[in-house]
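For reference, the structure discussed in these notes is given below.
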Amino acid sequence: MLCTCKHCYKSFMSRTYTSVCEDCKEIDREIFEKIKDYLTRYPNSNAMQVAEGLGIRASLVLRYIDDGDLVISKGHFESL
Ligand SMILES: [Zn+2]
30 MLCTCKHCYK SFMSRTYTSV CEDCKEIDRE IFEKIKDYLT RYPNSNAMQV
80 AEGLGIRASL VLRYIDDGDL VISKGHFESL
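Quick note on the numbering used here: the sequence shown kicks off at 30 and runs consecutively.
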């Protein structure tokens with residue numbers, strides 16, 4: 030199936046649904062760790078606050094949630 034990388038927006042083919050291309054796997058893990066770390070320190074943050082705090086796009090934070098990588102407890106994480 031045709032997938033689009035959530036970091037560089039490159040389209041690539043993959044047998045299973047993948048949201049990150051090979052080139053961005055490292056970056057993806059780093060950002061994911063940063064988001065988790067941020068949410069540990071500021072558990073009530075919404076996507077916008079996380080994005081601002083880390084200097085990344087809010088849409089990227091939402092992609093992690095959509096992909097099921099990031100599970101926000103207690104429903105504090107708001108959609109835009
Ligand atoms: Zn990529």
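Quick reminder that beta carbons are idealized off the backbone N, C-alpha and C, glycines included.
DSSP beta-bridge partners of residue i
i, result
"residue 33", "40"
Element boundaries [alpha helix (DSSP H), containing residue i]
i, result
"residue 90", "87–95"
"residue 68", "54–70"
"residue 49", "Element bounds for residue 49: n/a, residue is neither H nor E."
"residue 82", "76–83"
(request) For the stretch 58–73 and the stretch 81–92, state whether three or more C-beta atom pairs, one from each stretch, are separated by less than 8 Å. (result) Enough Cβ pairs lie closer than 8 Å, so yes.
(request) Specify which residues have a beta carbon nearer than 7 Å to any heavy atom of ligand 1, listing them in chain order. (result) Screening all residues for a C-beta within a distance smaller than 7 Å of any heavy atom in ligand 1 leaves 34, 36, 37, 39, 49, 50, 52, 53, in chain order.
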